[in-house]
Amino acid sequence: MDSVFDDLYKKYHQDLFQFLVYLVRNKEQAEDLVQEVYIRVLKSYRNFEGRSSEKTWLFSIARNVAIDSFRKQKGWKTKIFEKFDFSSNQIKDEDLMPDEITIQREEIRWIYKSLLKCTINQRAVIIIRYLQDFSIIETAQILGWTESKVKTTQHRALKILRQEVENLRLKEGYEDERIQVER
Amino acid sequence: MREFKWSDKQVEDILKQMPVIKDYRNPEEIYQSLSTRSKKRKHLTWILPSFASTAVVVIIFILAFNYQNWLHQPIYHSAEQKSLALVKNTPSNLHLVNNETKFDSIKKIVPKNFNRRTVTSLKTAIYKENIKNGNVFTYWIPDIHGQILVPISIIVNNPGNQSPWLNLYNQEMNKLKEAEWGLSDFYPLKATLKYDHQDNSVIVDVPANHKYGQGADSESTFTSVLERNLSSNSNIKKIKLTTNGKPGIMFGNFGLLKELDVKGEQNHSYFLFFPAGKVTPFLVPSNESFNDIKSAFESMRKNRPILGLKASIPHDLIFKFTSIKNKTLFLTVQSSPNLVNNPVNVYTYEAILLTAKEFGLENVKLKNLPFKQLGPFDLTKANEVPVAPNFCNIENQP
Numbered sequence: 284m285d286s287v288f289d290d291l292y293k294k295y296h297q298d299l300f301q302f303l304v305y306l307v308r309n310k311e312q313a314e315d316l317v318q319e320v321y322i323r324v325l326k327s328y329r330n331f332e333g334r335s336s337e338k339t340w341l342f343s344i345a346r347n348v349a350i351d352s353f354r355k356q357k358g359w360k361t362k363i364f365e366k367f368d369f370s371s372n373q374i375k376d377e378d379l380m381p382d383e384i385t386i387q388r389e390e391i392r393w394i395y396k397s398l399l400k401c402t403i404n405q406r407a408v409i410i411i412r413y414l415q416d417f418s419i420i421e422t423a424q425i426l427g428w429t430e431s432k433v434k435t436t437q438h439r440a441l442k443i444l445r446q447e448v449e450n451l452r453l454k455e456g457y458e459d460e461r462i463q464v465e466r
Numbered sequence: 006m007r008e009f010k011w012s013d014k015q016v017e018d019i020l021k022q023m024p025v026i027k028d029y030r031n032p033e034e035i036y037q038s039l040s041t042r043s044k045k046r047k048h049l050t051w052i053l054p055s056f057a058s059t060a061v062v063v064i065i066f067i068l069a070f071n072y073q074n075w076l077h078q079p080i081y082h083s084a085e086q087k088s089l090a091l092v093k094n095t096p097s098n099l100h101l102v103n104n105e106t107k108f109d110s111i112k113k114i115v116p117k118n119f120n121r122r123t124v125t126s127l128k129t130a131i132y133k134e135n136i137k138n139g140n141v142f143t144y145w146i147p148d149i150h151g152q153i154l155v156p157i158s159i160i161v162n163n164p165g166n167q168s169p170w171l172n173l174y175n176q177e178m179n180k181l182k183e184a185e186w187g188l189s190d191f192y193p194l195k196a197t198l199k200y201d202h203q204d205n206s207v208i209v210d211v212p213a214n215h216k217y218g219q220g221a222d223s224e225s226t227f228t229s230v231l232e233r234n235l236s237s238n239s240n241i242k243k244i245k246l247t248t249n250g251k252p253g254i255m256f257g258n259f260g261l262l263k264e265l266d267v268k269g270e271q272n273h274s275y276f277l278f279f280p281a282g283k284v285t286p287f288l289v290p291s292n293e294s295f296n297d298i299k300s301a302f303e304s305m306r307k308n309r310p311i312l313g314l315k316a317s318i319p320h321d322l323i324f325k326f327t328s329i330k331n332k333t334l335f336l337t338v339q340s341s342p343n344l345v346n347n348p349v350n351v352y353t354y355e356a357i358l359l360t361a362k363e364f365g366l367e368n369v370k371l372k373n374l375p376f377k378q379l380g381p382f383d384l385t386k387a388n389e390v391p392v393a394p395n396f397c398n399i400e401n402q403p
């Protein structure tokens, strides 16, 4: 096995996988994408000059890989399905909720569901900042943004999460009450 | 029902408690799937080239009939010269008519993009005798996947070197036909390049909204292109980066960069690169440098599937002995069952010449070959290494 791959795997694999799973919300797809990350990294590893940290460099590649994947999906979805107003995306997403999330308490599940309401960039910022624990500066390096753009995006994403969690809480609470009345 | 709203802090706290989702595959399994994936991708990528390969076979078949005739023909730079020479050298006009007919039939089969050089010469590079009063410029262009940089060379008329080279270089980059050559649309650069006489450097200025800093691929491609462009065309050792005249360019991963050193690395080996749908390869140098020319040649025997590079030296072409005298590389070739006088071996020979150039050599002499002429190369004498790889004509052709 390639020593570079071995080294990268030991140091970053689970973090990269976690990042991709939360970003694309599908474990199988994340498994596929993390391989694409390695292919891109191994091919350009020699050119990495250490101007950013190895970890931020890897995450920036992972984010690019995910975005490319979204673009490809968007391409054929737009062409074939969107015309017919398929509204099954939400259901599909719930179906694909990882077991690790399903068994968690409701707040965790609400947050996971609410992340879907964020744009890809907002979701990326949230995952990088809170799940991967990168600083604002590191996040800016990964995304190729300014620090102020990271802060603004983070702020907007948190606002969306708050609103959506509230919606979910009310919806589930309402359903609980209705069940009680019916009894 | 109890009314409450979460604060940002509460959302942040929950986010930090999100469960870890692990990949339970073992690393060997993942590593194996990387190579499988590369092969799979390669299969898809090579659907078009497989058609192109068929075209190559057809072309070679046609060329074979007329091979002995056109092998020895000189390159004519104008129709007039050609007519004169043909009238002088051929016993009758019938010969001329026959040749013209066959050449036309080749042109009909060969795709338009094949005509990036003289079909009869089969040379892909620029050699001293091609330059005349022109300047040779090399532009490094990313392939369509942004995986490799392909050096493309052009000849620009500049009698008496009247125009400063950087002005011409900037001007000519507008004419590059990347799409036609099967490469990424990368030029003209969204940047201005100016020579700084004070310290023999070049100032590269980008607008504030430049896109070169977005993503690791984009920024490393941009900086590599700048370094290689200046290394190939000048003795500049430093690039100063500015944004709207202010020092530094902000890159996502590199951070704020104010200068780049032009390292001018050498000692690379050359490979064949066929862009999708193209039948003529570009000769592309390796990323890495080699300690000696023998290891460089050895590297050229293996494909590099991830980068889409094909081996340029066949496995069974063995160099029995190598020596260097007065900047001339002598290669004694062990007889090889598949070594024939065909276009593919011309590319091999050019890859050897270009690699020899990387090691500071000026001539290459092949010994013990079963033929004296390889395409346009006279193998009875030492051949000069090219001035620059991958000649492309940027003037509009009919």
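Protein chains in written order, with my numbering: chain D, 284 to 466; chain W, 6 to 403. Yeah, the Cβ is synthetic: ideal placement off N, Cα and C, and Gly gets one too.
Identification of chain W residues near Val408 of chain D by a Cβ-Cβ cut-off of 7 Å yields none; the smallest Cβ-Cβ distance measures about 11 Å.
Given a length threshold of 3 residues, each whole run of the beta strand (DSSP E) inside the segment 181-235 of chain W is given here in chain order: 197-201 and 206-211. In the three-state scheme derived from DSSP, where H, G and I count as helix and E and B as strand, Ala407 of chain D is classed as helix.
Between Phe364 of chain W and Gln271 of chain W, the alpha-carbon positions lie close to 7 Å from each other.
Lys245 of chain W is bridged by DSSP to W:Ile208 and W:Glu264. The beta carbon of Ile146 of chain W sits closer than 6 Å to those of Val155, Ile157, Glu183, Leu188 and Phe191, all from its chain and outside the five residues before and after it, given in chain order. When C-beta distances to chain W are compared with 7 Å, the residues of the segment 336-359 of chain D below that value are Thr339, Trp340, Ser343, Ile344 and Asn347, in chain order.
Within 10 angstroms of the beta-carbon of Val211 of chain W lie 16 or more other beta-carbons, which makes it buried. As far as DSSP is concerned, Met23 of chain W takes part in no beta bridge. Not flagged as an interface residue toward chain D: Met305 of chain W, since no C-beta distance is shorter than 7 Å. Note on Arg233 of chain W: 16 or more other CB atoms within 10 angstroms of its CB, so buried under the neighbour-count rule. Secondary structure within the segment 321-360 of chain W: the beta strand (DSSP E) runs of 3 or more consecutive residues, fully enclosed, are 324-330 and 333-338 (chain order).
The bridge partners DSSP lists for Lys372 of chain W are W:Thr337. The beta carbon of Ile394 of chain D sits closer than 8 Å to the beta carbons of Leu444 and Val448 from its chain, once the five residues preceding and following it are set aside; these are given in chain order. For Met255 of chain W, same chain residues with a beta-carbon under 6 Å away, outside a window of 5 residues either side, are Gly218 and Leu261 in chain order. Inclusion of Val348 of chain D and Glu319 of chain D in the CB contact set at 7 Å is warranted, their separation being smaller than that value. In this structure, DSSP gives Trp11 of chain W a state outside helix and strand, which the three-state scheme calls coil. Secondary structure at Asp315 of chain D: helix, using DSSP grouped into helix, strand and coil. Counting of Cβ neighbours within 10 angstroms places Ser40 of chain W among the exposed residues, the total staying below 16.
Listed along the chain, the chain W residues whose CB falls inside 7 Å of the CB of Tyr413 of chain D are Glu17, Leu20 and Lys21. In the DSSP assignment, Trp428 of chain D falls outside any alpha helix (DSSP H), carrying neither H nor E.
At least one beta carbon of chain W lies nearer than 7 Å to the beta carbon of Val304 of chain D.
Under the DSSP assignment, Phe302 of chain W falls in the alpha helix (DSSP H) whose first and last residues are Ile298 to Ser304.
Against Tyr295 of chain D, chain W offers no close residue; the least beta-carbon distance is about 12 Å (beta-carbon pairs closer than 9 Å). In the three-state DSSP reduction, Val433 of chain D falls in the helix class (H, G or I). Comparing alpha-carbon positions, the option among W:Asn240, W:Asp383 and W:Val207 lying closest to Thr247 of chain W turns out to be W:Val207. Rounded to whole angstroms, the Cβ separation of Asn395 of chain W and Phe276 of chain W is 12 Å, and the two are not in contact under 8 Å. Residue pairing from DSSP places Trp145 of chain W in a beta bridge opposite W:Pro156.
A direct Cα-to-Cα measurement between Pro310 of chain W and Ala316 of chain W gives close to 10 Å.
Under the three-state reduction of DSSP, Tyr132 of chain W is assigned to coil, being neither helix nor strand. Annotated three-state conformation of Arg308 of chain D is coil, per DSSP. Phe342 of chain D carries a helical assignment under DSSP once its states are collapsed to helix, strand and coil. In the three-state DSSP reduction, Arg392 of chain D falls in the helix class (H, G or I). Counting only the Cα atoms, Lys195 of chain W lies some 17 Å from Pro252 of chain W.
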